[in-house]
Amino acid sequence: MKENLPPQINMHFGNRKSKAVLITSLNSGYFEKVRDLYWEHPAATGEVIRVYRPNHEGYRQSEKQMHNRMAWADMWLLISTDVLVTNSWSTFAYVAQALGGLKPWILYKPENQTTPDPPCRGAMSMEHCFHAPPFYDRMERKGIESGKLFPHVRHWEDMSWALKLVDHTEL
1 MKENLPPQIN MHFGNRKSKA VLITSLNSGY FEKVRDLYWE HPAATGEVIR VYRPNHEGYR
61 QSEKQMHNRM AWADMWLLIS TDVLVTNSWS TFAYVAQALG GLKPWILYKP ENQTTPDPPC
121 RGAMSMEHCF HAPPFYDRME RKGIESGKLF PHVRHWEDMS WALKLVDHTE L
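Residue numbering for the sequence shown follows the UniProt record's numbering, beginning at 1 and increasing consecutively.
Right, dumping it as structure tokens:
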């Protein structure tokens, strides 16, 4: 140890906090990039970041009961998170935000393989979205702007035609 071989370690972890990052994507690329990022570079806050991916199947296998059980377990793990970051149209995210009472951060889709700036934004509410709301008023026989019918209904952050419930006093 006199020559610093092997390098010394810090035995004083009293002030050092750790955070866990849970990635439930079937695509291993997301997990590998985030894991490698924190493996190669410490967090600016000094926190120790650990990255986990419980499911390593690689592709959807809905016809298999075990796959469905693992997917359900992944959703339940997401429910217990402090912060939820999701992509649009994610069934896993809908379940997690509804059952966990979470307001997710929604990742914007890359355009021309370029990450948008900012890359995500906070959701208006914890409610998931209604992808196919009615657009036609049969009584009036004309199209309607369903996102403006009630103060507690807004167009969804990701899809302009979709709707979600919001607390209009928070907007």
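Using N, Cα and C, we set each Cβ at its ideal position, and we do this for glycine too.
Which class does residue i belong to by DSSP, given the choice of helix, strand or coil?
| i | result |
| --- | --- |
| tryptophan 105 | strand |
| histidine 56 | coil |
| threonine 169 | coil |
Can you check which of these residues, the options, is closest to residue i by C-alpha distance?
| i | options | result |
| --- | --- | --- |
| leucine 149 | Leu165, Glu157 and Arg141 | Leu165 |
| alanine 20 | Ala93, Glu57 and Leu84 | Leu84 |
| alanine 162 | Leu102, Tyr59, Ala96 and Glu127 | Glu127 |
| residue 180 | Ser146, Arg141 and Ser125 | Nothing about residue 180 can be reported from this structure: the residues present for the chain run from 1 to 171 only. |
| leucine 22 | Asp74, Pro116 and Asn112 | Asp74 |
| tyrosine 94 | Pro118, Pro119, Cys129 and Ser62 | Cys129 |
| serine 80 | Ser18, Ala98 and Thr115 | Ala98 |
| arginine 16 | Ala44, Gln65 and Leu102 | Ala44 |
| tyrosine 52 | Arg69, Ser90 and Lys33 | Lys33 |
| aspartate 167 | Arg154, Asp158, Ser160 and Met159 | Arg154 |
| tyrosine 59 | Thr24, Ser160 and Pro118 | Thr24 |
| leucine 26 | Leu37, Glu140 and Met70 | Met70 |
| aspartate 82 | Ala96, Thr114 and Trp72 | Ala96 |
| residue 192 | Thr86, Tyr108, Thr114 and Gln113 | With the chain running from 1 to 171 in the structure shown, residue 192 is simply not present. |
Our contact map puts residue i next to residue j with C-beta atoms below 8 Å; I'd like the distance itself, whole angstroms only.
| i | j | result |
| --- | --- | --- |
| alanine 123 | proline 104 | 5 Å |
| leucine 77 | proline 54 | 6 Å |
| glutamate 157 | arginine 121 | 7 Å |
| proline 116 | proline 110 | 7 Å |
| serine 88 | isoleucine 106 | 6 Å |
Starting from residue i, follow its DSSP beta bridges and name the residues at the other end.
| i | result |
| --- | --- |
| lysine 142 | Asp137 |
| phenylalanine 130 | Leu163 |
| threonine 86 | Ile106 |
| glycine 122 | Trp105 |
| threonine 114 | Glu111 |
What residue range is occupied by the uninterrupted alpha helix (DSSP H) comprising residue i?
| i | result |
| --- | --- |
| alanine 98 | 91-100 |
| histidine 155 | Taken as a continuous stretch (DSSP letters only), histidine 155 belongs to no alpha helix (DSSP H), being part of the beta strand (DSSP E) at 153-155. |
| glycine 29 | 28-40 |
| leucine 77 | 65-79 |
Can you find a heavy atom of the ligand ZN that lies under 7 Å from the Cβ of residue i?
| i | result |
| --- | --- |
| histidine 67 | The ligand ZN is not part of this structure, which contains no ligands at all. |
Where do the ends of the beta strand (DSSP E) carrying residue i lie?
| i | result |
| --- | --- |
| leucine 22 | 18-22 |
| tyrosine 52 | 48-52 |
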